[in-house]
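Taking this note's numbering, the leading residue of the sequence shown gets 5, the next gets one more, and so forth.
By construction, the Cβ of each residue, glycine as well, lies at the ideal position given by its N, Cα and C atoms.
Scroll down for the structure; my scribbles are underneath it.
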Amino acid sequence: MKVRVAINGFGTIGKRVADAISLQKDMEVVGVTKTKPDFEAKLAVKRYKLYAAIPEKAEAFDKAGVPIEGTIDDLLEKVDIVVDCSPGKVGAENKPKYEKAGVKAIFQGGEKANVAEVSFNALANYDEARGKNFVRVVSCNTTGLVRLLYLVKENFGIRKVRAVMIRRVVDPKEDKKGLVNGIAPNPVAVPSHHGPDVQTVLPDVKIVTTAFKVPTTLMHVHSIMIELEKDAKAEDVLEVLEGEPRILLISEEDGFTSTAKVIEFAREFRKRYDLFENVVWRESISVVDGELYVTQAIHQEAIVVPENVDAIRAMFELADKEESMKVTNETLEIGKLKL
Ligand code: NAD
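What follows is the structure, given as structure tokens:
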């Protein structure tokens with residue numbers, strides 16, 4: 005029997021998670037929700053059963069001629085789990101609905117950690133989500149940091165991490181806000197929230213982060229500096245990263261001079277140019293005085309998608325970590341883009 009899933013909030017993350025779940029044999033999308041009958045709702049009904057996210061607004065769908073099957077309350081009666089992909093902080097407001105309906109729920113990184121029993125990353129703490137009812141998949145930046153730091157910690161030990169987040173200002177679809185000109189320290193005060201967020205998954209990693217917003221929509225870039233416990237050479241680190249499908253290694257030599265080129269490459273292979281992997285520049289990997297340097301790019305719209313799929317498997321104990329990640333990787337073609 006397949007796990008029956010609802011997607012509450014069919015936006016940037018919701019539509020991608022819905023498509024990824026549809027590729028799995030052990031789970032199915034029963035329905036998705038939208039707040040209003042806009043073009044995205046019209047697209048959603050072509051592929052999924054649509055429900056009104058806000059029951060009081062259901063009439064607007066009828067008036068616009070966009071067919072819905074009911075409201076979120078009707079949808080929750082038909083599922084085992086809801087993946088809440090509503091805007092940040094709204095997930096916590098939706099939680100009482102899920103509790104009342106007796107369904108499990110996954111929340112996204114825009115929620116505070118205390119919305120769930122565990123903050124999740126498949127590589128780092130899959131087993132902690134086993135059998136849980138409420139899990140939070142950490143944000144795009146945190147997912148990118150945690151994947152890399154987990155691999156370094158397991159193989160070389162970590163004394164201390166410093167990381168600088170250079171963040172895309174908004175997603176490409178945004179037309180209401182943005183930074184047209186300038187580089188904004190965000191927050192200005194140090195540290196940024198990313199370090200403590202990493203510690204919700206890797207509590208024993210000492211990390212301080214700073215963050216800046218820049219006028220681009222494509223990807224974030226992280227400049228990461230890690231004081232290692234064990235002696236290691238750049239080649240040793242490269243070998244570890246090469247062994248993990250959720251890391252994609254690229255080279256400046258191949259013309260990857262910026263995130264613009266990374267996305268141009270992804271456009272050839274992936275729907276919506278989604279990059280589910282951490283994209284790490286080979287040449288950036290260096291060890292100087294026992295400190296490892298790495299530069300990676302993170303496609304914010306896509307990186308958390310495989311983690312949502314794995315979280316469902318962990319919560320229903322459908323598979324162990326290796327099995328789940330292998331199936332998710334195969335279905336999303338993660339690990340196939342190697343150059
Ligand atoms: P989004 O604005 O693209 O999508 C949110 C969707 O939820 C919209 O379709 C909106 O209409 C709908 N919605 C609004 N109110 C709702 C409600 N009360 N109930 C249900 N749905 C409602 O946002 P997003 O970028 O997909 O972000 C969703 C979550 O994922 C946030 O927690 C965010 O922090 C997190 N996240 C976003 C990114 C990113 O870069 N976009 C990356 C990782 C995690």
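- Non-local beta-carbon contacts of residue 138 in its own chain, meaning distances under 6 Å to residues more than five positions away in sequence, involve 109, 120, 121 in chain order.
- By alpha-carbon distance to residue 49, the top candidate from 336, 152, 33, 71 is 71.
- The beta-carbon separation of residue 135 and residue 319, rounded to 7 Å, stays under the 8 Å limit for a contact.
- The three-state secondary structure of residue 76, taken from DSSP, is helix.
- In this structure, the straight-line span from the alpha carbon of residue 239 to that of residue 170 is close to 26 Å.
- The stretch 159-168 makes contact with the stretch 224-237, as at least three CB pairs between them are under 8 Å.
- The alpha-carbon of residue 328 is positioned some 7 Å away from that of residue 317.
- Restricting attention to 220, 197, 193, 243, the CA atom closest to the CA of residue 174 is found in 220.
- When 172, 37, 75, 62 are compared, the shortest CA-CA separation from residue 91 is found for 37.
- Residue 302 is a Cβ neighbour of residue 282, given a cutoff of 8 Å.
- For residue 203, the uninterrupted alpha helix (DSSP H) segment begins and ends at 198-203.
- The beta carbon of residue 94 sits closer than 7 Å to at least one heavy atom of ligand 1.
- Residue 266 has its CB no nearer than 7 Å to any heavy atom of ligand 1.
- A Cβ-Cβ distance of about 6 Å is found for the pair residue 223 and residue 172, placing them in contact under the 8 Å criterion.
- Contact fails between the stretch 253-262 and the stretch 186-195, because fewer than three Cβ pairs, one in each stretch, are under 8 Å apart.
- Residue 248 has its alpha-carbon roughly 15 Å from the corresponding atom of residue 285.
- Residue 299 and residue 62 have their C-alpha atoms spaced approximately 46 Å apart.
- Annotated three-state conformation of residue 195 is coil, per DSSP.
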